[in-house]
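Engineer: Residue numbers (my numbering), protein chains in the order written: chain A, 1052 to 1301; chain B, 51 to 386.
Glycine included, every Cβ here is placed at the ideal spot set by N, Cα and C.
Since the structure is predicted, the reported quantities are computational estimates derived from the model, not experimental observations.
Let me give you the structure first, and then I'll get to my questions.
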Amino acid sequence: MSPLVAFGRFEVLRLVRSWRFIIITVGFPVVFYMLFLGDHTPSKAVAGTVPWRAYLMVSMCSFGALVAGLTSGGARLSAERASGWARQLRVTPIPTWSYVLTKVSASMLVILPVIILVEIVGATFGGVQLAARIWFELAAVLWVSSVPFAALGVLVGFTVNAETAFATVTGLMFVLGYFGGLFNPVSSMPSVLRSAATALPNYHHDQLGLSLIQGTALGLEHWAVLVAYTAAIALAVMMRHRKEELKGTA
Amino acid sequence: MMRMDSENDGLPQPRTLPSAPPPPLVAPVEPVPALSFRDVSHRYRSHPALDRLTVEILRGQTVALLGPNGAGKSTAIALVLGLISAQEGSVEVLGTDPREAVRQGRVGAMLQTGAGSGLPPNVRVATVLRLVQRLYPSPTPLDETVRSAGIGHLLDRQTDRLSGGQAQLVRFAVAIAGNPELLVLDEPTAAMDVAGQRAFWAMIRQFAQEGRTTVFATHHLREADEIADRVVVVNHGHVVADGPGSSIKAKIAGRRIRFSCSMPDAVLLDSLEGVTDVDLQGTHVWLNSLDSDATVRDLVRHAVQFEDLEVVGPDLQDAYVALTERRPSIERSSTS
Ligand SMILES: Nc1ncnc2c1ncn2[C@@H]1O[C@H](COP(=O)(O)OP(=O)(O)OP(=O)(O)O)[C@@H](O)[C@H]1O
Ligand SMILES: [Mg+2]
């Protein structure tokens, strides 16, 4: 087994084995979705050309991806830094980039089942009806475009310390969720907030899903924003690492 | 002072350094040193941690880096492991760049972790060891690592349910799992009880017998003296003494005798029984002595007119300071 495969396997197994983490990460968006489903207010119907039930499900998929990305990296990674394990790994032959990449990949692996689970809830309790191909494409597109959320979680884990990691993750989750229009359609927001939403990655993530449901083309601008975010976050992780190295605390 | 200088003659040509324990089974055939620091300076923001540190360690040696808190030991180790880059000067490890040596899997390390366990949370000890083993190109068989570190009884434990000393043993196993040529340990026995420490150093001796190079940081002179072939004393980021443990012990472990004397005679004082060092500052005299009783008797015999005589125990902190104050003479001797 090559070192990178061994490390990847180790990370994934460790992630899968922590039940509490899995239940919270996977369960949270689902519970949240259920709460929204119960709250049958008419304002939810104002979702443009998308039926509000489908709209809600896509938003919750997007929210779930965001939550899973943030929690997979976030607190777990900063705990690892605090314990000294991250530093110990740096004195083994595996390069730092592969450590970061493995973390992002492991987060991606957690994101996929979250998206699928929200879809299942949508199809059963949520009253969403879609062609089989759309269900599949929706999961695939939303998953692939979740990379910036996985990267964001890793950035948070690299940046904040173990004590503030949980608060930071929770804060980011709701701020991005709310202003990105995952809880309320962006079209129902005041114009200031509407332009703010278009600057956030999860707004564009959500829009990719909605385009699939509407049957319109996947807007290139959405992909572009998500790729730009991923690049910016990767750069921030690199700068952060460089800074810690200079400070001697990496 | 004279004595000190002669002991430090070995510094620029470390090959001549005496090594107390029997030579390693695998003789260091290659002339490339395991580790070499040349005029390395490092500062954190504006805070200096290393100040023109120069030291060379040959293969097969077991070397202690002895120094008080904040001396720069961990900073030196971070440089050896490529965790930080030298701001000034050069560091070479096993004949190459530190990062390259680490990447090739030739270095194993036990870092100073403060309160942390240094291990990943929520995973079995055996799983961690198996992972680490797979990260190295030619690892030691797992059962051998487990036996060497004496952690057979800990394999099935979760890493976050280990005591401080147990976690340290597991981290030692992590350090040796990859079969490294160079082993670097930063205060490895900090959380261990006395029995644990003794067992630990027995393992290190075993490890050194296999011809590997071991460098460890410690505050404990006794540990350094008992375990290492050579003790490098560091303070304020600089080598202040370097030699076999016995000579270092003579220099810093003895008693300090201090008194005032209107006209101190340095040559006479230096010749007194037990005296290893003389420091004069005006009428204030500090003597380092291996045998304070004999020295005081000799003082009386030579009718030295002392006042306010005090004998102070081996306060390491003072000893380090004393060594640091003598730095210029060491430099003179090592450049000559
Ligand atoms: N990350 C850091 N940021 C700022 N200053 C630091 C940092 N790490 C160490 N220092 C400072 O650099 C100096 C050398 O520290 P270092 O950790 O190398 O000492 P040490 O010999 O290992 O001490 P100890 O025995 O306490 O572990 C100290 O004065 C310390 O305060
Ligand atoms: Mg230290």
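Does DSSP put Q259(B) in a helix, in a strand, or in coil?
Structural biologist: The answer is helix: DSSP assigns Q259(B) an H, G or I state.
Engineer: Apart from the five residues on each side of it in sequence, which residues of its chain come closer than 7 Å, Cβ to Cβ, to V1118(A)?
Structural biologist: For V1118(A), where only same-chain residues beyond five positions count, the Cβ hits under 7 Å are T1076, F1079, P1080, M1224.
Engineer: Examine chain A for any beta-carbon lying closer than 8 Å to the beta-carbon of A70(B), and answer yes or no.
Structural biologist: Bear in mind that the predicted position of A70(B) carries a pLDDT of just 48, short of 50, making it unreliable; the figure below should be weighed with that in mind. No, because no Cβ of chain A sits closer than 8 Å to the Cβ of A70(B).
Engineer: Determine, using beta carbons only, whether L235(B) comes closer than 8 Å to chain E.
Structural biologist: Among the protein chains of the structure shown, namely A and B, there is no chain E.
Engineer: Compute the Euclidean distance between the alpha carbons of A1174(A) and Q1180(A), then round it to the nearest angstrom.
Structural biologist: Roughly 6 Å separates the two Cα atoms.
Engineer: Within 10 angstroms of the Cβ of D348(B), are there 16 or more other Cβ atoms? Answer buried if so, exposed if not.
Structural biologist: D348(B) comes out buried.
Engineer: Using a beta-carbon distance below 8 Å, is L229(B) in contact with chain A?
Structural biologist: Rather than Leu, the amino acid found at residue 229(B) in this sequence is Asn. No, its Cβ sits nowhere closer than 8 Å to a Cβ of chain A.
Engineer: Since P98(B) sits in a beta bridge, which residues does DSSP pair it with?
Structural biologist: According to DSSP, which records beta bridges pairwise, P98(B) is partnered with R93(B).
Engineer: Kindly examine ligand 2 and report whether one of its heavy atoms sits closer than 7 Å to the Cβ of K123(B).
Structural biologist: Under cutoff, so the answer is yes.
Engineer: Which residue wins for smallest C-alpha separation from V173(B), given the options T333(B), V220(B), P230(B), Q256(B)?
Structural biologist: Measuring from the Cα of V173(B), the nearest candidate turns out to be V220(B).
Engineer: By the DSSP assignment, the alpha helix (DSSP H) with L1117(A) in it spans what residues?
Structural biologist: Looking at the DSSP string, the run of the alpha helix (DSSP H) that includes L1117(A) is 1103–1134.
Engineer: Distance cutoff 8 Å, beta carbons only. Does L181(B) sit that close to anything in chain A?
Structural biologist: Interface residue, yes.
Engineer: Please classify M1303(A): is it buried, with 16 or more other beta-carbons within 10 angstroms of its beta-carbon, or exposed?
Structural biologist: The displayed coordinates of chain A run from 1052 to 1301. Any statement about residue 1303(A) would go beyond what the structure contains.
Engineer: To the nearest whole angstrom, what separates the beta carbons of G166(B) and S1129(A), a pair I think is in contact under 8 Å?
Structural biologist: Going by Cβ atoms, the distance from G166(B) to S1129(A) rounds to 12 Å, so no, they are not a contact pair.
Engineer: Return the first residue and the last residue of the beta strand (DSSP E) that G1260(A) is part of.
Structural biologist: Note, G1260(A): premise wrong, no beta strand (DSSP E); alpha helix (DSSP H) at 1252–1265.
Engineer: Could you give the distance in angstroms between the alpha-carbon of I1166(A) and the alpha-carbon of R93(B)?
Structural biologist: The alpha-carbon atoms of I1166(A) and R93(B) are separated by roughly 48 Å.
Engineer: Mind checking if K1298(A) is an interface residue toward chain B, Cβ cutoff 8 Å exclusive?
Structural biologist: Yes, K1298(A) counts as interfacial toward chain B.
Engineer: Under 8 Å Cβ-Cβ, which residues of chain A neighbour L161(B)?
Structural biologist: Those are G1135, R1138, Q1139, V1142, listed as they occur along chain A.
Engineer: For P1054(A) and chain B, any beta-carbon pair shorter than 8 Å?
Structural biologist: Yes, P1054(A) lies at the interface with chain B (some Cβ there is under 8 Å from its Cβ).
Engineer: Which residues does DSSP pair with T345(B) in a beta bridge?
Structural biologist: DSSP, once it has assigned bridges, lists no residue as partnering T345(B).
Engineer: Between V1172(A) and A1247(A), what straight-line distance do the alpha-carbon atoms span, to the nearest angstrom?
Structural biologist: For V1172(A) and A1247(A), the distance between alpha carbons rounds to 30 Å.
Engineer: For G166(B), go through chain A and note every residue whose CB falls closer than 7 Å to its CB, in chain order.
Structural biologist: The contacting residues are A1133, S1134, G1135.
Engineer: Would you be able to state if there are at least three C-beta pairs under 8 Å between the stretch 169–185 of chain B and the stretch 195–204 of chain B?
Structural biologist: Yes, the stretch 195–204 of chain B touches the stretch 169–185 of chain B.
Engineer: Report the residue from G1208(A), S1196(A), F1200(A) whose alpha carbon sits nearest the alpha carbon of G1270(A).
Structural biologist: If we check each option's Cα against that of G1270(A), S1196(A) comes out closest.
Engineer: Between S384(B) and A291(B), what straight-line distance do the alpha-carbon atoms span, to the nearest angstrom?
Structural biologist: For S384(B), the predicted model reports a pLDDT of 38, less than 50, meaning its position is unreliable and no value from the coordinates is stated.
Engineer: Counting only runs of 4+ residues fully inside the stretch 1196–1235 of chain A, write out the alpha helix (DSSP H) ranges in chain order.
Structural biologist: Listed in chain order, they are 1198–1210, 1213–1230.
Engineer: Below 7 Å, is the gap between the Cβ of A241(B) and the nearest heavy atom of ligand 1?
Structural biologist: Outside the cutoff, so no.
Engineer: Does the distance between the C-beta of A165(B) and the nearest non-hydrogen atom of ligand 4 fall short of 7 Å?
Structural biologist: Ligand 4 is not part of this structure, which contains only ligand 1 and ligand 2.
Engineer: Mind pulling the chain B residues with CB within less than 9 Å of R1065(A)?
Structural biologist: Residues of chain B passing the Cβ test: P170, P171, N172, V173, T177.
Engineer: Give me the Cα-Cα distance between S1238(A) and F1087(A), rounded to the nearest whole angstrom.
Structural biologist: C-alpha separation (whole angstroms): 18 Å.
Engineer: From the DSSP output, in three-state form, read off V1081(A) for me.
Structural biologist: V1081(A): helix per DSSP, three-state reduction.
Engineer: Determine the burial state of R65(B): buried for a count of at least 16 other Cβ atoms within 10 Å of its Cβ, exposed for fewer.
Structural biologist: Legend: pLDDT at R65(B) = 42, less than 50; position of this residue unreliable, no value from coordinates given.
Engineer: Any beta-carbon of chain B closer than 8 Å to the one on S1123(A)?
Structural biologist: No, S1123(A) lies away from the interface with chain B (no Cβ there is under 8 Å from its Cβ).
Engineer: Which residues in chain B have a C-beta closer than 9 Å to the C-beta of F1058(A)? List them in chain order.
Structural biologist: Within 9 Å Cβ-Cβ: L181, R184, L185.
Engineer: Taking all protein chains shown into account, decide if W1136(A) is buried (16 or more other Cβ within 10 angstroms of its Cβ) or exposed.
Structural biologist: By the neighbour-count rule (16 or more Cβ atoms within 10 Å), W1136(A) is buried.
Engineer: Ends of the alpha helix (DSSP H) at F222(B)?
Structural biologist: Here the alpha helix (DSSP H) through F222(B) covers 214–226.
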